[in-house]
Amino acid sequence: YFISTYIEEKHKKKIIYLLLIIGTINTLYAMFQVQEMKGIIIRYNWSKPSATGFVNNSNFFGTLMVLCLSFSLGLFIDEEKNTLKIIYSLLIFIFMVGLIISNTMSSFLGMLIELIFIVIYLIKYKKIKKIIIIILIFSTSLILITAAGKTKILKDAIKTKNEAIEITKGNIHDKYGTNRIYIWKNTLKKVPDNLLTGVGIDNFYYAFGEKPLSDEKWIYDKAHNEYLQILITQGIFSLIAYLSLYGTIIIKKIKSKEKNIYLILPIIGYLTQAFFNISVIEVAPFFYISLGILNSRYDEV
Numbered sequence: 001y002f003i004s005t006y007i008e009e010k011h012k013k014k015i016i017y018l019l020l021i022i023g024t025i026n027t028l029y030a031m032f033q034v035q036e037m038k039g040i041i042i043r044y045n046w047s048k049p050s051a052t053g054f055v056n057n058s059n060f061f062g063t064l065m066v067l068c069l070s071f072s073l074g075l076f077i078d079e080e081k082n083t084l085k086i087i088y089s090l091l092i093f094i095f096m097v098g099l100i101i102s103n104t105m106s107s108f109l110g111m112l113i114e115l116i117f118i119v120i121y122l123i124k125y126k127k128i129k130k131i132i133i134i135i136l137i138f139s140t141s142l143i144l145i146t147a148a149g150k151t152k153i154l155k156d157a158i159k160t161k162n163e164a165i166e167i168t169k170g171n172i173h174d175k176y177g178t179n180r181i182y183i184w185k186n187t188l189k190k191v192p193d194n195l196l197t198g199v200g201i202d203n204f205y206y207a208f209g210e211k212p213l214s215d216e217k218w219i220y221d222k223a224h225n226e227y228l229q230i231l232i233t234q235g236i237f238s239l240i241a242y243l244s245l246y247g248t249i250i251i252k253k254i255k256s257k258e259k260n261i262y263l264i265l266p267i268i269g270y271l272t273q274a275f276f277n278i279s280v281i282e283v284a285p286f287f288y289i290s291l292g293i294l295n296s297r298y299d300e301v
């Protein structure tokens, strides 16, 4: 992150293009996985092939797709040249397909929140045509992949919506959010015991004493919420520091005359999906590079 804050403006897109190339390669490999092509390493979930790319986990692959899709959307929105707009439109389609086949609801929700931000932004700057194009790409990719039977994201979205409605009525069940309610509820009970310093980085497993948090099927070693994970393992001051860093950078950029929405969108998408996911070494460096590029300090040198 620190190094990335000193990248020159003319080099920023080179870094982003490299990330998009990495994302494209991962997406193509994930497509081969869901097609169960021979010679491809495939991880199965409930006897179904998972789209993991080279990240080896569908959730984390979904997070990578959020970052790549966000950059593509932002570049498309900021671009005026028709040739580049076509290229960015194709990338939006590719990464949207990757996001859909990942079957990762946290990433899908992050993308929906980001889409709301995009629509508001484009309406404000009277770029209605681009709203229509983006919605068409999203809809087309979703319809095609769903019709091919390669995703259950719509089914999960409906389930999540119904759970959210029940929660607003006060009907909260442990199994909501694929057991996340159970994990969060029990994690919050342990927070006061280690509020200041936490139980130690990546020590969630030991936060519950002699027996780790578990149910009839799983033993949990993560909070499945990046902010709650920081709070329980590193303490309240660490969480405040992280949130202050994110908030300061985003507010500073929003107030800036140079919007460069392609730099803001990945941060919004990532931080939204982080409510339901965890930080992992396969994807986190890309996020911190993105955060550093957004908070450019090259002119201060």
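In the working numbering, the protein residues as written are 1 to 301.
A virtual CB, placed ideally from N, CA and C, is assigned to each residue, including glycine.
Fair warning: this is a prediction, and the values are worked out from it, not measured in the lab.
Collapsed DSSP secondary structure at residue i in the structure displayed
i: residue 22; result: helix
i: residue 70; result: helix
i: residue 313; result: This structure leaves residue 313 out entirely; the chain is present only between 1 and 301.
i: residue 214; result: strand
i: residue 117; result: helix
i: residue 130; result: helix
i: residue 151; result: coil
i: residue 76; result: helix
i: residue 241; result: helix
i: residue 274; result: coil
i: residue 36; result: coil
i: residue 59; result: helix
i: residue 85; result: helix
i: residue 1; result: coil
i: residue 7; result: coil
i: residue 54; result: coil
i: residue 235; result: coil
i: residue 104; result: coil
Rounded C-alpha distance that separates residue i from residue j
i: residue 209; j: residue 182; result: 17 Å
i: residue 75; j: residue 293; result: 14 Å
i: residue 177; j: residue 108; result: 13 Å
i: residue 231; j: residue 50; result: 31 Å
i: residue 185; j: residue 167; result: 14 Å
i: residue 8; j: residue 46; result: 47 Å
i: residue 149; j: residue 190; result: 41 Å
i: residue 266; j: residue 198; result: 29 Å
i: residue 204; j: residue 250; result: 29 Å
i: residue 110; j: residue 132; result: 20 Å
i: residue 22; j: residue 157; result: 28 Å
i: residue 193; j: residue 42; result: 41 Å
i: residue 357; j: residue 6; result: Because residue 357 is not part of the residues shown, which for the chain are 1 to 301, the question remains open.
i: residue 272; j: residue 180; result: 16 Å
i: residue 356; j: residue 253; result: No answer is possible for residue 356: it lies beyond the span of the chain, which begins at 1 and ends at 301.
i: residue 152; j: residue 141; result: 13 Å
i: residue 154; j: residue 135; result: 16 Å
Sheet register partners of residue i (DSSP bridge)
i: residue 44; result: 49
Three CB pairs or more closer than 8 Å across the segment 143 to 150 and the segment 86 to 101: yes
Ranges of the alpha helix (DSSP H) found wholly within the segment 153 to 207, counting only runs of at least 4: The qualifying runs are 153 to 168 and 180 to 190.
Inter-stretch contact at 8 Å, needing at least 3 Cβ pairs: the segment 279 to 287 / the segment 52 to 59: With three or more CB-CB distances shorter than 8 Å, the segment 279 to 287 counts as touching the segment 52 to 59.
Three-pair Cβ contact test at 8 Å for the segment 117 to 128 versus the segment 167 to 174: No, the segment 117 to 128 is not in contact with the segment 167 to 174.
Validate contact between the segment 219 to 235 and the segment 22 to 30 using beta carbons, cut 8 Å, 3 pairs: no
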